[in-house]
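Colleague: As numbered in my numbering, residues 5 to 256 make up the sequence shown, in order. Ideal placement from N, C-alpha and C gives every residue a C-beta, glycine not left out.
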Amino acid sequence: MLPRSEVLEGLKVSLYPLGQVIDVAIMTEPNTGFFMGSGYAVIGTLKQSGEGIVSPFLQSTTSLLVCQNLDQKRINNLATQWNDIDSPQERWEQVKVTTRKIIKSYSVSYNSWREQTSRRLEKKRNRILRTKPPLAVKLQLISPLDTQIHKLQEEIAQIAILKSGIYWQENGETNIPFLKQMHQKRTLQQHMSGFRDLNGPQPDIVMSETTSMNRIAQDFYQRLYTPDTVAPADIDNYFGLVNFERKLDKGD
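Structure below.
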């Protein structure tokens, strides 16, 4: 028999996919506080979102986000369904099945949100760069966007790595059709069909020749990272409008 505190501490880790969703109820012997029976004696019941056992390993996982998006009506419906099951073993199996469905459903929608948000931030970043703002303004506006885009792309890449591992396990590294399909998919993802020369005489025509694409890309990035020249008269006018609170004297 294990002390109740040790059982609860172990369940914090073993049940981490449920996060705050599940409040763990331990079947104990009356007046002893010790865990009795097998693992099937552990029965999961849903409580209000935000309550229950929270593992310290869950602070940055999807589980907490799942809890925030579960409404009370759905939680009550699940709790009612589980209470109708008499057998602790069947009830515990239903807990695990429902948990997998909740996590899978939310993960799919959240992954789609990551991709859409990443594309939206990239478009916003490109719009700012096309306006060619001053360096100070560029650093102030671009740095937060780069941080968010980097985080989202890192999460998307990690998910793709996990999916790739599952695909390899299911199909095997020696499956020739699978290797060909994977190669074609990766090639299409890395391929650019053509560019439009927005500053050329025909901005609406897509050019697919390699030479033209290289020239357009080179011109674009060269203009993007070339600092704009400012006339000396404009600089003098700018400093003339600046009011300094303290002026330097000979002692400074």
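Where in the segment 113 to 187 do unbroken runs of the beta strand (DSSP E), each at least 3 residues long, occur, reported from the N-terminal end onward?
Modeller: Qualifying beta strand (DSSP E) stretches: none in this window.
Colleague: Excluding sequence positions up to five away, which residues of its chain have a Cβ less than 6 Å from the Cβ of Ser18?
Modeller: One-based indexing of the sequence shown puts residue 18 at position 14. Residue confidence is low: Ser18 scores 38 on pLDDT, short of 50, so the model does not pin down where it sits. Its coordinate-derived value is still stated next. Hits under 6 Å: none found.
Colleague: I need the DSSP call for Val101, collapsed to helix, strand or coil.
Modeller: The residue given as residue 101 occupies position 97 in the sequence shown. Helix.
Colleague: Give a yes or no on whether the C-beta atoms belonging to Gln152 and Leu183 are separated by under 7 Å.
Modeller: Your numbering for residue 152 matches position 148 in the sequence shown. Your numbering for residue 183 matches position 179 in the sequence shown. The answer is no: Cβ separation not under 7 Å.
Colleague: Give the DSSP-derived three-state secondary structure of Met196 in the structure shown.
Modeller: As a position in the sequence shown, residue 196 is number 192, starting the count at 1. The answer is coil: DSSP assigns Met196 none of H, G, I, E or B.
Colleague: When we look at the beta-carbon of Val209 and count the other beta-carbons within 10 Å, is it buried (16 or more) or exposed?
Modeller: Here residue 209 refers to the residue found at position 205 of the sequence shown. A small correction: the amino acid at residue 209 is Ile; Val does not occupy that position in the sequence shown. Classification of Ile209: exposed, given that the 10 Å Cβ count is below 16.
Colleague: Cα separation between Thr121 and Arg95?
Modeller: The sequence position of residue 121 within the sequence shown is 117, counting from 1. The sequence position of residue 95 within the sequence shown is 91, counting from 1. Those two C-alpha atoms are separated by around 39 Å.
Colleague: Under 8 Å by Cβ, that's how I've got Ser212 and Ser197 pegged, so tell me the actual separation to the nearest angstrom.
Modeller: The sequence position of residue 212 within the sequence shown is 208, counting from 1. The sequence position of residue 197 within the sequence shown is 193, counting from 1. Sure, about 6 Å apart at Cβ, within 8 Å.
Colleague: State whether the segment 187 to 202 contacts the segment 217 to 225, with contact taken as three or more CB pairs (one from each stretch) at a distance under 8 Å.
Modeller: With the cut-off at 8 Å, the segment 187 to 202 and the segment 217 to 225 touch.
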